[in-house]
Amino acid sequence: MSAQLLEAFLAEARELLEQIGTLALELEQQGQDADLINSLFRAVHTLKGGSGLFDIVPFTQVVHAAEDILSQVREGQLELTPEHMDQLLSAMDQIGFWLDQLESSGTLDDQAPAISERFTLALRSILGGGGDSAPSDSAAESEEAAPDAPPDWLLRVPEAKRTELAQQGNCIAILYTPDEQCFFQGHDPLLTINTLPNLAWWQIAAREPWPELEAFDPYRCVLGILALSQAPLEDVRHHLRYVSDQIELSIVAASDLDPDATPAAAPTVEDAPEVSDQELPDDQTLNATTQLVLELLQEQRDCLRAQVVPELWTGRVASVGAVLRHLLTVLNHEDLIAQLPEALAQSTANSGQAAALLEMINQALERSRPPAPQPSPEPALEAAASAETPTEPEPTTERRQTQPAAGKDDNRQRVLKVDAERIDTLMDLVGELIVAKNALPFLARRAVEEFKIRPLSKEIKGHFNILNRIAEEMQGAVMQVRMIPVGTAFQRFPRLVRDISRKLGKQVQLELQGEDTEADKNVVSDLSDPLIHLVRNALDHGIETPSERIESGKPPTGRIRIKAHQQEDRVLIEINDDGRGMDPTVLKRKAYEKGLLTEEALERLTDQEALQLIFAAGFSTAESISDLSGRGVGMDVVRNAVQRASGDIILDSTLGLGTTVRLSLPLSMTVTQVMIIRVGDEDFGVIFDTVRETLRLPQNEVQRIKQHEAIILRERLLPLHRLDHLLGLPETSPQQGDLSVLVVGVGSTDFALVVDDVREGVDVILKPLEGVMSSFPLYAGTALLGDGRVLLVLNLKELLQCL
Amino acid sequence: MKRALVVDDALTVRLYHRQLLEAIGFEVEEAANGIEALEKGLSTPTPFDLFLVDVNMPKMDGYRLVAEMRQSQELQAIPVIMVSTESRPRGRDLALQTGANLYLVKPANGALLQQQAQLLVGAIEQ
Numbered sequence: 003m004s005a006q007l008l009e010a011f012l013a014e015a016r017e018l019l020e021q022i023g024t025l026a027l028e029l030e031q032q033g034q035d036a037d038l039i040n041s042l043f044r045a046v047h048t049l050k051g052g053s054g055l056f057d058i059v060p061f062t063q064v065v066h067a068a069e070d071i072l073s074q075v076r077e078g079q080l081e082l083t084p085e086h087m088d089q090l091l092s093a094m095d096q097i098g099f100w101l102d103q104l105e106s107s108g109t110l111d112d113q114a115p116a117i118s119e120r121f122t123l124a125l126r127s128i129l130g131g132g133g134d135s136a137p138s139d140s141a142a143e144s145e146e147a148a149p150d151a152p153p154d155w156l157l158r159v160p161e162a163k164r165t166e167l168a169q170q171g172n173c174i175a176i177l178y179t180p181d182e183q184c185f186f187q188g189h190d191p192l193l194t195i196n197t198l199p200n201l202a203w204w205q206i207a208a209r210e211p212w213p214e215l216e217a218f219d220p221y222r223c224v225l226g227i228l229a230l231s232q233a234p235l236e237d238v239r240h241h242l243r244y245v246s247d248q249i250e251l252s253i254v255a256a257s258d259l260d261p262d263a264t265p266a267a268a269p270t271v272e273d274a275p276e277v278s279d280q281e282l283p284d285d286q287t288l289n290a291t292t293q294l295v296l297e298l299l300q301e302q303r304d305c306l307r308a309q310v311v312p313e314l315w316t317g318r319v320a321s322v323g324a325v326l327r328h329l330l331t332v333l334n335h336e337d338l339i340a341q342l343p344e345a346l347a348q349s350t351a352n353s354g355q356a357a358a359l360l361e362m363i364n365q366a367l368e369r370s371r372p373p374a375p376q377p378s379p380e381p382a383l384e385a386a387a388s389a390e391t392p393t394e395p396e397p398t399t400e401r402r403q404t405q406p407a408a409g410k411d412d413n414r415q416r417v418l419k420v421d422a423e424r425i426d427t428l429m430d431l432v433g434e435l436i437v438a439k440n441a442l443p444f445l446a447r448r449a450v451e452e453f454k455i456r457p458l459s460k461e462i463k464g465h466f467n468i469l470n471r472i473a474e475e476m477q478g479a480v481m482q483v484r485m486i487p488v489g490t491a492f493q494r495f496p497r498l499v500r501d502i503s504r505k506l507g508k509q510v511q512l513e514l515q516g517e518d519t520e521a522d523k524n525v526v527s528d529l530s531d532p533l534i535h536l537v538r539n540a541l542d543h544g545i546e547t548p549s550e551r552i553e554s555g556k557p558p559t560g561r562i563r564i565k566a567h568q569q570e571d572r573v574l575i576e577i578n579d580d581g582r583g584m585d586p587t588v589l590k591r592k593a594y595e596k597g598l599l600t601e602e603a604l605e606r607l608t609d610q611e612a613l614q615l616i617f618a619a620g621f622s623t624a625e626s627i628s629d630l631s632g633r634g635v636g637m638d639v640v641r642n643a644v645q646r647a648s649g650d651i652i653l654d655s656t657l658g659l660g661t662t663v664r665l666s667l668p669l670s671m672t673v674t675q676v677m678i679i680r681v682g683d684e685d686f687g688v689i690f691d692t693v694r695e696t697l698r699l700p701q702n703e704v705q706r707i708k709q710h711e712a713i714i715l716r717e718r719l720l721p722l723h724r725l726d727h728l729l730g731l732p733e734t735s736p737q738q739g740d741l742s743v744l745v746v747g748v749g750s751t752d753f754a755l756v757v758d759d760v761r762e763g764v765d766v767i768l769k770p771l772e773g774v775m776s777s778f779p780l781y782a783g784t785a786l787l788g789d790g791r792v793l794l795v796l797n798l799k800e801l802l803q804c805l
Numbered sequence: 655m656k657r658a659l660v661v662d663d664a665l666t667v668r669l670y671h672r673q674l675l676e677a678i679g680f681e682v683e684e685a686a687n688g689i690e691a692l693e694k695g696l697s698t699p700t701p702f703d704l705f706l707v708d709v710n711m712p713k714m715d716g717y718r719l720v721a722e723m724r725q726s727q728e729l730q731a732i733p734v735i736m737v738s739t740e741s742r743p744r745g746r747d748l749a750l751q752t753g754a755n756l757y758l759v760k761p762a763n764g765a766l767l768q769q770q771a772q773l774l775v776g777a778i779e780q
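As they're listed, the protein sequences go chains D and U. Under our numbering, the residue at position 106 of the first sequence is numbered 108, and the numbers go up by one with no gaps. Under our numbering, the residue at position 52 of the second sequence is numbered 706, and the numbers go up by one with no gaps.
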C-alpha cells in the first residue's frame with residue numbers, strides 16, 4: 003500500500019472517529035434514534051472498510067466487533083446502555099491511539115494483538131444472542147461441531163454446487179497451503195487432496211501471481227488448494243495429519259453454503275435443464291488471463307441465473323451481453339460473437355429466460371477445456387480458436403501506454419485535503435519571504451549613503467513596494483488556507499462533559515454556539531488546552547449537584563455554554579455556566595491571606611478587579627479554593643497560555659448565578675507588526691497594536707507630581723516613564739531639545755514612554771524566547787530583521803506591571 | 655481511454671480503487687453514494703465503461719444503485735463490479751440478483767481487480 007493511501011486513511015479515520023464520538027453522545031442523549039444509530043453504524047462500517055486495506059488485523063478486529071454491536075442495535079436486538087457506550091467509546095479511544103501509532107511508525111506495535119483481543123472480547127460480550135453476526139471464534143472452536151464463520155473463498159464454489167451441498171448438511175472447508183519445499187519433503191499435495199474422504203469440490207490456484215518465465219522456479223510449490231469435503235471433521239483431520247500445519251479447516255453451515263436453499267417456492271429463474279454446466283478446466287497449463295476470462299464467464303452465467311425481478315431483466319441481459327462480447331473477443335471466439343446479437347434479442351424478449359446466452363457461455367467454457375476437444379459444428383473456426391488461446395500475449399503489461407489525463411480540471415475534486423505540515427512549511431516560507439523583503443529598504447539606504455547612487459535606491463524602493471504587496475497578498479492567501487473553525491477545539495467537550503459530569507454525579511447540558519467561527523489553526527490548537535481547563539473548572543466547581551441546585555431554586559440540570567464569534571481581527575470565546583458563581587469578598591480575603599495584596603491595595607480593589615485575582619500566580623490551588631469559591635485549579639496557567647497566544651482573558655461572575663470567562667485571541671499570529679524604537683545604543687521592538695501615537699514634546703512640558711512624571715495630552719494626564727530607566731540601561735545623556743515620546747495602551751491603561759528615537763514599523767515573525775530566556779516575561783519575543791540583526795520585542799503588559 | 659466510476663463512501667477505498675484503475679490507464683471519477691453515482695452517470699458527456707460499486711453506502715446503497723442502473727436506458731449495459739465486506743455467499747447472491755457482473759470481497763486483490771476490470775470493459779484484445 004502506498005504511503006499516500008495510508009495518509010488518506012489516517013485522515014479519513016480520524017474524521018470518522020470524531021463523527022463516531024459525536025454521534026454516540028447524541029445517541030445517548032436522545033435515546034434510540036434510528037437515524038443516529040444508522041449513521042453511527044455507517045461510520046464504523048466505513049472505518050472497518052478502510053482499515054481492511056492495510057495489514058492491521060488487531061485494529062480491524064476491534065472495529066469489526068463494534069460494528070457487530072451496532073448492527074444488532076440497528077436491528078433492534080440489543081439496547082445500548084451507558085455501560086455499553088463506555089466500552090464502545092473506550093474501544094474507539096484505543097483506535098485513535100492506534101491511528102497515532104500508525105502515523106508515527108507505519109505499523110501497530112507488538113502489544114496490539116493482545117490489546118485487540120481484550121477489547122474484542124469485551125465488546126463481543128455485549129452482543130446478544132440470536133444475531134448471525136456474533137460468531138466468537140474462540141467459542142466456535144471449543145465446540146466441535148459448531149459451524150465457523152465461512153471462509154471468504156467459499157464464493158469461488160459455483161452456486162449450483164453450493165446449493166447441491168447445502169441440501170446435504172454442513173461440510174468441511176479446507177484451505178491447504180503446501181510448504182514451498184514440499185516436493186522435497188515427500189509430500190504430494192495433489193494426491194493428498196484427491197484422496198481426501200468424501201471430496202465434494204476442489205480448486206487449485208497459484209498463491210501469488212506467476213513470475214516471469216525466467217524467474218520461475220518449478221521446484222518451489224506456490225500453489226494453494228481449496229476443497230470441500232462432506233466427511234466428518236475427525237476423518238478429514240486424520241487424513242491431513244502429516245500436513246496439519248499447512249491446513250486451515252472450518253466447518254461451513256449449510257445455511258452459509260446457500261441461504262436461499264429452503265425457500266424453494268420463490269420464483270427462481272432456472273436455465274434450460276438440457277444445458278449441462280461446464281466447470282472450469284482444472285488444467286494448470288492454461289494462460290492466467292484465459293483462466294480469469296473463464297472465471298468471469300462463469301460469473302456471467304451465475305448472474306443470468308440469479309433470481310430476478312422483471313424490471314431488472316433487460317438491464318441484466320444488456321450488461322452481461324456487453325461483458326460477453328469483450329470476453330469472447332479475448333478468447334477469439336468470433337463465431338460466438340456473431341451469434342451474440344440474436345441470443346441477446348431472444349433473452350431480452352423472454353423475461354427470466356436466457357437459454358441462448360447460457361448455451362453460448364457453456365460452449366466457450368467447453369472449448370477452453372484443452373484435453374478433450376469436442377467436435378464442433380464449425381471445425382475451421384474452432385481450430386483457430388484453440389490454436390490462438392494458449393499463445394495469447396500477456397496484456398496487462400502492454401496496455402499501460404495511456405497516461406493519466408492532464409488538464410481535465412472539471413473532473414478533479416474541488417476540495418483538496420492537504421497535510422497540515424505542508425501548509426506549515428508554506429507558511430514558514432512566506433514568513434521568511436516577508437522578513438527577506440525587509441532587507442530591500444536597508445539596501446536602498448546603503449545605495450544612497452554608501453554608494454551615492456540615488457536613482458538605484460529609488461528603483462530598489464519601487465521593487466520593494468511591488469514585492470511587499472505580493473508578499474502581503476500571499477500571506478493573506480496562506481492564512482486563509484490555515485483558517486479552521488474554532489469548533490474543532492470544542493469537539494472533545496461533549497465527551498469530556500459527559501464523562502466528568504457522570505463521575506461527579508452532576509447533570510450538565512452543554513451548549514455550543516458559533517463553532518463555525520474561523521481562526522488560524524495554531525490559534526485554535528493553542529486554545530484547546532485553556533478551554534478544556536476552563537470547562538473542567540466549570541464542571542468541577544461551578545455547577546452544583548442536582549440537589550443543591552433544586553435547593554437554590556434552579557433546574558437540576560446545569561448548563562455550560564461555549565460561544566465563539568469574530569470581532570474585527572480577533573476571535574472571542576465565552577464560557578458561561580449557571581453554577582454557584584464566585585464571591586469577590588472571599589477572593590479578596592484569600593488574596594490577602596496569601597500575602598498577594600496589601601491591605602490598602604485590597605481597599606482600592608473593585609469587585610470586578612477582585613475577580614481577576616483568580617488569575618494571579620500562586621493564588622489558586624485545588625484544596626484551598628474549590629471549597630471556598632467554586633473556582634479553581636491553576637487559572638494562572640490558563641492565563642499564561644492565553645497570553646502566550648497574544649490573547650486576553652477576563653472573568654465575570656455573579657454569586658449564585660454563575661460565571662463567565664471571556665477569551666479574546668488574534669485570528670492569526672504568524673506575522674506581527676512592530677515599531678522599532680531606540681534606547682541608548684539599542685533597538686527594541688514594540689508591538690504596533692499597542693502604540694497609540696508618537697510625538698515630540700518640549701522638555702518643559704513634563705509635569706512633576708511628587709516623584710513621578712506625567713504629561714498632559716489633549717487634557718488627559720498620562721503617566722510618563724523613561725524606558726532606559728525601566729530597562730535598567732545606563733542613562734543616556736540628558737537630551738537637548740524635544741523628547742521622543744511613545745504613547746502606548748495596554749488594555750484600558752495608557753501611558754507615555756520616553757525613548758531616544760522612533761524608527762520605522764516592520765513586519766516580523768515573532769519567535770518566543772527559548773531556554774533560560776523564556777523566563778523573562780519582559781520580552782514578548784525576538785524577531786529577525788532584514789539586515790540580519792535580532793530585535794528584542796518588549797512585552798508592554800509586563801512592563802506595566804513593573805511600574 | 656476507458657472511463658470508470660468508483661462509488662464508495664470511504665475516501666480511502668475510493669483512493670485505493672482510483673489508484674488501481676488509473677495505473678492501467680483508466681480515467682477515473684468518484685462518487686460517494688448511489689445518488690451521486692447515478693447523477694454522474696446520467697450527466698456525463700462521455701459515458702462510463704465500468705462502475706466499481708461498494709455495497710454499504712449512505713443515501714443509496716450499492717444494490718439499489720445497480721438496480722436503478724439496470725432499469726435506466728443509458729446505464730443498463732454498463733458492466734458493474736461490486737465490492738463488499740460481506741464474505742458470506744448471501745452477499746454475492748444478492749449482488750448478482752440485482753445485476754452486478756462480478757462480485758468481490760473487500761479488500762479486493764489489486765492485481766486481480768486490474769485484470770478483471772480490463773477484461774470486463776474490453777481493454778484487453780487480441
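From the three backbone atoms N, C-alpha and C, an ideal C-beta is built for every residue, glycine too. The model shown is predicted, which means the values in this text are computed figures rather than measured ones.
Proximity test, Cβ basis, 8 Å: residue i and chain D
| i | result |
| --- | --- |
| Ser-697 of chain U | no |
| Tyr-717 of chain U | no |
| Val-605 of chain U | The requested residue 605 of chain U does not occur in the structure, where chain U is confined to residues 655 to 780. |
| Met-714 of chain U | no |
| Leu-669 of chain U | yes |
| Pro-701 of chain U | no |
Any chain U beta carbon closer than 8 Å to residue i
| i | result |
| --- | --- |
| Ala-267 of chain D | Low local confidence applies: a pLDDT of 38 at Ala-267 of chain D is under 50, so the model's placement there is unreliable, and no value is given. |
| Arg-761 of chain D | no |
| Gly-226 of chain D | no |
| Pro-14 of chain D | In the sequence on display, residue 14 of chain D carries Glu and not Pro. Yes, Glu-14 of chain D counts as interfacial toward chain U. |
| Ser-127 of chain D | no |
| Thr-335 of chain D | It should be pointed out that residue 335 of chain D corresponds to His in this sequence rather than to Thr. It does not: the Cβ of His-335 of chain D has no partner Cβ on chain U nearer than 8 Å. |
| Lys-50 of chain D | yes |
| Val-332 of chain D | yes |
| Asp-57 of chain D | no |
| Leu-294 of chain D | yes |
Paired residues, beta bridge with residue i - DSSP
| i | result |
| --- | --- |
| Val-639 of chain D | Per DSSP, none; premise fails for Val-639 of chain D. |
| Gly-323 of chain D | BP columns for Gly-323 of chain D are empty, so no partner. |
| Val-693 of chain D | D:Val-746 |
| Met-485 of chain D | D:Asp-522 |
| Arg-204 of chain D | Rather than Arg, the amino acid found at residue 204 of chain D in this sequence is Trp. Answer is D:Ala-229. |
Within chain U, the residues that residue i reaches when beta carbons sit closer than 7 Å
| i | result |
| --- | --- |
| Phe-11 of chain D | Thr-666 |
| Ala-324 of chain D | Ala-731 and Pro-733 |
| Gln-309 of chain D | Gln-751 |
Neighbour list for residue i in chain D, Cβ cutoff strictly below 7 Å
| i | result |
| --- | --- |
| Gly-689 of chain U | Looking at the sequence itself, residue 689 of chain U is Ile, so the reference to Gly does not match. Correct list: empty, because the minimum Cβ distance to chain D is about 15 Å. |
| Ala-765 of chain U | Pro-211 |
Interface partners of residue i on chain U, CB under 9 Å
| i | result |
| --- | --- |
| Gln-302 of chain D | Asn-755 and Leu-756 |
| Pro-152 of chain D | Ser-741, Arg-742 and Pro-743 |
| Val-417 of chain D | The contacting residues do not exist; Val-417 of chain D stays about 11 Å from chain U at best. |
Proximal chain D residues relative to residue i, where beta-carbon distance stays under 9 Å
| i | result |
| --- | --- |
| Met-723 of chain U | Gly-317 and Ser-321 |
| Leu-774 of chain U | Leu-298, Ala-324, Val-325, His-328 and Leu-329 |
- Message: Closer than 8 Å is the cut-off here; do at least three beta carbon pairs connect the stretch 749-763 of chain U with the stretch 731-740 of chain U?
- Response: yes
- Determine contact between the stretch 740-748 of chain D and the stretch 690-699 of chain D, defined as no fewer than three beta-carbon pairs at a distance below 8 Å. Output reads yes: the stretch 690-699 of chain D touches the stretch 740-748 of chain D.
- Are the stretch 708-721 of chain D and the stretch 785-795 of chain D touching, with three or more C-beta to C-beta distances below 8 Å? no
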